[in-house]
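Protein chains in written order, with my numbering: chain A, 1 to 205; chain B, 206 to 559.
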Amino acid sequence: MTTAGIDEKYLNVQLLLDQFRSGNFSAFSNLYQSHINSLLHYGNRIISDKEIVKDVIHDLFVEMWNRRQSLPEIHNIEFYLLKALRYKLFKVSNPVVSVHFQENQTSADSSTFTIDQLLEEKESRQNTIRIMQDAISRLPLRQREVIYFRFFKGYTNQQVADLLNINYQSVSNLQQRAIDSLKRAIPGYSLELFSVLLFAFQIYF
Amino acid sequence: MTNNNLLLNELLQNDDFVAWVFSPTEARDVYWANYVTTSEAHADAVEKARKLTLLFRESHIIEESENHSDDIWSRIEQSIHAQANQTVSIHRKKWWWAAAGIAVIASTMGYYFLQKTAPTSLAMNTAMKEAKHLIERKNNSSKDEAILLSDGSRVFLAAGSTLKNQPIFNDSTRDVYLDGEAFFEIVKDPQHPFLVHAHNIVTRVLGTSFRVNARSANNDVTVAVRTGKVAVFAEKENDPGKMVLLPNQQVVINASNNTAIKTAVRDTLLIKQPNYKPLSFDYEDAPLITVLNDLQAAYHVQINYNKDKITNCRITTSIGEEPLSDKIRIICSAINATYTIDENSVTIQSQGGD
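1. Expressed to the nearest angstrom, what Euclidean distance is found between the alpha-carbon atoms of B/Ala419 and A/Leu31?
2. Any chance the CB of A/Gln159 is under 7 Å from a heavy atom of the ligand PLP?
3. Can you give, in chain order, each stretch of the alpha helix (DSSP H) that sits fully within the region 218-284 of chain B and has at least 4 residues?
4. Is there a C-beta anywhere in chain B that falls below 8 Å from the one on A/Gln105?
5. Which of helix, strand or coil does DSSP assign to A/Leu11?
6. Could you check whether the region 388-400 of chain B touches the region 357-377 of chain B, counting it as contact only if at least three pairs of C-beta atoms, one from each stretch, sit closer than 8 Å?
7. Please look up how many angstroms separate the CB atoms of B/Thr413 and B/Thr432, rounded, as I've assumed it's under 8 Å.
8. Can you check whether the C-beta of B/Asp220 is within less than 8 Å of a C-beta belonging to chain A?
9. In the DSSP assignment, the beta strand (DSSP E) including B/Phe361 goes from what residue to what residue?
10. Within a Cβ cutoff of 8 Å, which residues of the same chain sit near B/Val223, ignoring the five residues on either side of it in sequence?
11. Going by the beta-carbon positions, is the gap between B/Leu368 and B/Asn453 smaller than 8 Å?
12. Between A/Gln69 and chain B, is there a C-beta pair that is closer than 8 Å?
13. Let's test the definition: count the other Cβ atoms within 10 Å of the Cβ of B/Leu500 and tell me whether it reaches 16, buried, or not, exposed.
14. If the cut is a Cβ gap below 9 Å, which residues of chain B does A/Arg142 touch?
15. With a threshold of 7 Å on Cβ separation, who are the neighbours of A/Lys9 within its own chain once the five nearest residues in sequence on each side are excluded?
16. Would you identify the three-state DSSP class for A/Phe79, choosing helix, strand or coil?
17. Identify the contact partners of A/His58 in chain B, using a Cβ-Cβ distance below 8 Å as the criterion.
18. Leaving out five residues on either side along the sequence, give the residues of the same chain with a beta carbon under 7 Å from the beta carbon of B/Ile373.
19. Which residues in the same chain have their Cβ closer than 8 Å to the Cβ of A/Ala161, if we skip the five residues on either side of it in sequence?
20. So which of A/Val56, A/Glu73, A/Val62 and A/Ser70 has the shortest CA-CA distance to A/Leu87?
21. Please confirm if B/Leu500 has its CB atom under 8 Å from at least one CB of chain A.
22. At a CB-CB cut-off below 9 Å, which residues of chain B make contact with A/Tyr32?
23. With a threshold of 16 other CB atoms inside 10 Å of the CB of A/Asn44, please say whether the residue is buried or exposed.
24. So that I know if they touch, is there some Cβ in chain B lying closer than 8 Å to that of A/Gln117?
25. Once DSSP output is grouped into helix, strand and coil, what is the label at A/Gln33?
26. When you compare only the Cα positions, how much space is there between A/Asn76 and B/Ala436?
27. Grab me the residues of B/Arg409's own chain with a C-beta within less than 6 Å of its C-beta, minus the 5 sequence neighbours each way, in chain order.
28. Please name the residue in B/Ile494, B/Thr378 and B/Asp425 whose C-alpha comes closest to that of B/Gly385.
29. When you compare the CB positions of A/Ile46 and A/Leu141, do they come within less than 8 Å of one another, or not?
30. Verify whether the separation of the beta carbon atoms of B/Gln272 and A/Leu40 is less than 8 Å.
31. Measuring only the C-alpha atoms, how far is A/Leu89 from A/Glu73?
32. Shorter than 8 Å from the beta carbon of B/Val223 to some beta carbon of chain A?
33. Could you tell me if B/Lys406 is buried or exposed, where buried requires 16 or more neighbouring beta carbons within 10 angstroms of its beta carbon?
34. Starting from B/Tyr544, trace the beta strand (DSSP E) in both directions and tell me its first and last residue.
35. By the criterion of Cβ-Cβ separation under 7 Å, what are the contact partners of A/Ile77 in chain B?
36. How should B/Asp490 be labelled, buried or exposed, when 16 other C-beta atoms within 10 angstroms of its C-beta is the threshold for buried?
Written out as structure tokens, the structure reads:
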């Protein structure tokens with residue numbers, strides 16, 4: 001992608017924001033459609049009650065519309081919305097310690113897998129992912145969020161610090177703890193065996 | 206061993222590394238290719254860190270079964286309109302007296318005219334507005350504006366056009382008033398027919414997609430149907446009768462001089478949906494029965510065929526842009542069958558499957 005391409009995209013978003021600020025409902029609708037999936041994806045991962053997430057998103061957008069004229073300068077609209085959503089979610093409800101996804105509850109205890117089983121053709125990749133999903137969902141909330149924003153959204157350490165309202169060093173610590181837990185969750189973990197596992201994983205990449 | 210672990214952790218915490226894994230660019234490739242040559246341990250760490258990073262990301266992707274983003278949006282729209290109406294009602298009171306005066310005068314004049322012609326759309330619209338609590342939206346931009354109605358229907362309002370409707374439909378019919386042009390995508394609700402009022406012409410549907418062009422200059426109203434079935438009639442006491450339009454048909458109708466011209470839509474662009482998601486009729490080795498069912502659903506038309514004869518027929522074809530009659534023709538020539546098209550149904554006589 002050329003830098004010209006990226007700039008154009010940025011300008012289009014700024015234009016949309018300006019239209020929104022001046023009361024263009026269609027621009028507002030556009031902003032909603034572009035980011036709602038992102039917001040739902042994040043919200044549903046930290047609050048298990050989907051109705052609450054929907055309510056908070058509703059409130060967020062209505063308030064945004066009402067305060068549209070005093071909207072600050074925004075460079076990254078998705079980041080802005082996620083941060084606003086997070087703030088409201090934490091005010092409204094105590095985010096659960098961990099959110100277990102239905103699909104993962106039926107996954108077998110990871111210690112029953114042997115390396116040989118994990119090297120088995122198609123199964124191994126899906127199993128690895130399932131194990132990882134489960135491990136992520138068991139992380140403490142903050143660690144889970146750090147992993148989410150760094151490795152799914154691709155935000156930088158500084159952005160995560162800003163979003164979570166903590167300092168850079170805390171992000172680093174949380175991240176390290178999370179990564180250590182996640183590595184340990186993979187069965188038969190040790191660097192040598194781990195590389196064998198990753199080798200199996202690589203086949204499907 | 207621990208050295209490798211340290212390297213691994215360092216990489217995972219590194220913004221540039223993660224950025225490179227997710228969005229490789231030439232510059233980043235060069236940098237990391239160079240890093241990898243530092244030592245075998247470095248190369249090894251990069252390899253593992255990369256895979257871990259991708260694994261972390263992929264583990265967050267979960268198939269969402271149903272996402273209620275449209276429900277949430279309807280509620281947002283409703284709340285915003287409800288707020289707006291509260292402020293409007295304060296202003297209403299002031300001109301109520303003035304409007305009442307005008308209404309009285311208009312109605313006496315109106316009676317005189319009624320004997321000769323239908324009431325003007327302006328007077329009717331004003332009456333409507335008093336009776337039902339309507340919100341008005343004008344598209345002041347140069348592009349189509351998407352409006353979501355309380356039943357989930359969408360209206361793509363053309364530039365300069367105005368749409369009036371109730372914030373929440375709660376009558377036996379869903380009514381909107383159009384000044385200008387718009388493309389409608391209406392949610393099916395047979396209990397509550399959807400009516401578009403424009404220039405004294407009413408377009409009535411249960412659930413379809415179609416375009417109404419009622420630009421003020423002439424009093425012509427053009428209704429072009431894309432999918433489903435649409436009934437068009439004049440808004441008069443003594444209804445002269447309604448006209449039913451099928452997909453790819455259009456009518457140009459004028460209530461003041463009582464003319465109606467029904468034609469096939471030559472220009473498929475006329476009723477093309479304004480945005481994304483065109484109906485695609487692309488089939489690859491699909492059961493013929495599926496194709497016929499899709500057509501029935503899209504065009505609200507009954508298709509009669511001999512099930513036994515074509516159960517095993519499969520078909521590969523792309524017939525998205527054709528009018529219905531051509532679609533049928535194409536399918537029939539593929540399966541060596543003949544067909545007849547009536548007002549509301551299609552009958553296919555098969556000579557034997559493919």
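For every residue, glycine included, the Cβ atom is placed at its ideal position computed from N, Cα and C.
Looking at the atomic coordinates:
1. Each residue's Cα considered, the two are about 30 Å apart.
2. For the structure depicted, the ligand PLP is absent and the ligand set is empty, with no information on it obtainable.
3. Secondary structure within the region 218-284 of chain B: the alpha helix (DSSP H) runs of 4 or more consecutive residues, fully enclosed, are 220-227, 231-241 and 245-263 (chain order).
4. With a pLDDT of only 36 at A/Gln105, under 50, the local geometry of the prediction cannot be trusted, and the value read off the model is given with reservation. So no, A/Gln105 is outside the interface.
5. In this structure, A/Leu11 counts as helix in the three-state DSSP scheme.
6. The region 388-400 of chain B vs the region 357-377 of chain B: in contact.
7. About 5 Å; that satisfies the 8 Å criterion.
8. Yes, because at least one Cβ of chain A sits closer than 8 Å to the Cβ of B/Asp220.
9. Element bounds for B/Phe361: Arg359 to Leu362.
10. Hits under 8 Å: Leu217 and Thr258.
11. The answer is no: Cβ separation not under 8 Å.
12. Chain B, which has no Cβ nearer than 8 Å to the Cβ of A/Gln69, makes this no.
13. With 16 or more other Cβ atoms inside 10 Å of its own Cβ, B/Leu500 counts as buried.
14. Residues of chain B whose Cβ lies closer than 9 Å to the Cβ of A/Arg142 do not exist, since the nearest Cβ in that chain is about 16 Å away.
15. Excluding residues up to 5 positions away in sequence, nothing lies with its Cβ nearer than 7 Å to the Cβ of A/Lys9 in the same chain.
16. Correct three-state label for A/Phe79: helix.
17. The answer, in chain order, is Ile277, Arg280, Ile281 and Ser284.
18. Around B/Ile373: Gln283 and Ser355.
19. For A/Ala161, where only same-chain residues beyond five positions count, the Cβ hits under 8 Å are Asn167, Tyr168, Ser170 and Val171.
20. It is worth fixing the name first, because residue 87 of chain A is Tyr in this sequence and not Leu. In terms of Cα proximity to A/Tyr87, the closest of A/Val56, A/Glu73, A/Val62 and A/Ser70 is A/Val56.
21. Chain A, which has no Cβ nearer than 8 Å to the Cβ of B/Leu500, makes this no.
22. By Cβ distance, chain B contributes Ser274, Ile277, Trp278 and Ile281.
23. Its Cβ being crowded by 16 or more others within 10 Å, A/Asn44 is buried.
24. The predicted model places A/Gln117 with a pLDDT of 46, which falls under 50 and marks its position as unreliable; any figure quoted below should be read in that light. Output row for A/Gln117: interface = no.
25. The answer is helix: DSSP assigns A/Gln33 an H, G or I state.
26. Those two C-alpha atoms are separated by around 48 Å.
27. Hits under 6 Å: Pro398, Leu400 and Ala436.
28. When only C-alpha atoms are compared, the closest one is B/Asp425.
29. The Cβ atoms of A/Ile46 and A/Leu141 lie closer than 8 Å to each other.
30. Looking at the sequence shown, residue 272 of chain B is not Gln but Asn. The answer is yes: Cβ separation under 8 Å.
31. Each residue's Cα considered, the two are about 23 Å apart.
32. Chain A, which has a Cβ nearer than 8 Å to the Cβ of B/Val223, makes this yes.
33. First, the amino acid is wrong: residue 406 of chain B is Ile here, not Lys. Under the 10 Å beta carbon count, B/Ile406 is surrounded by 16 or more other beta carbons and is classified as buried.
34. Element bounds for B/Tyr544: Ala542 to Ile546.
35. Counting only Cβ-Cβ distances below 7 Å, A/Ile77 has no contacts in chain B at all, with the closest Cβ about 17 Å away.
36. Result: exposed.
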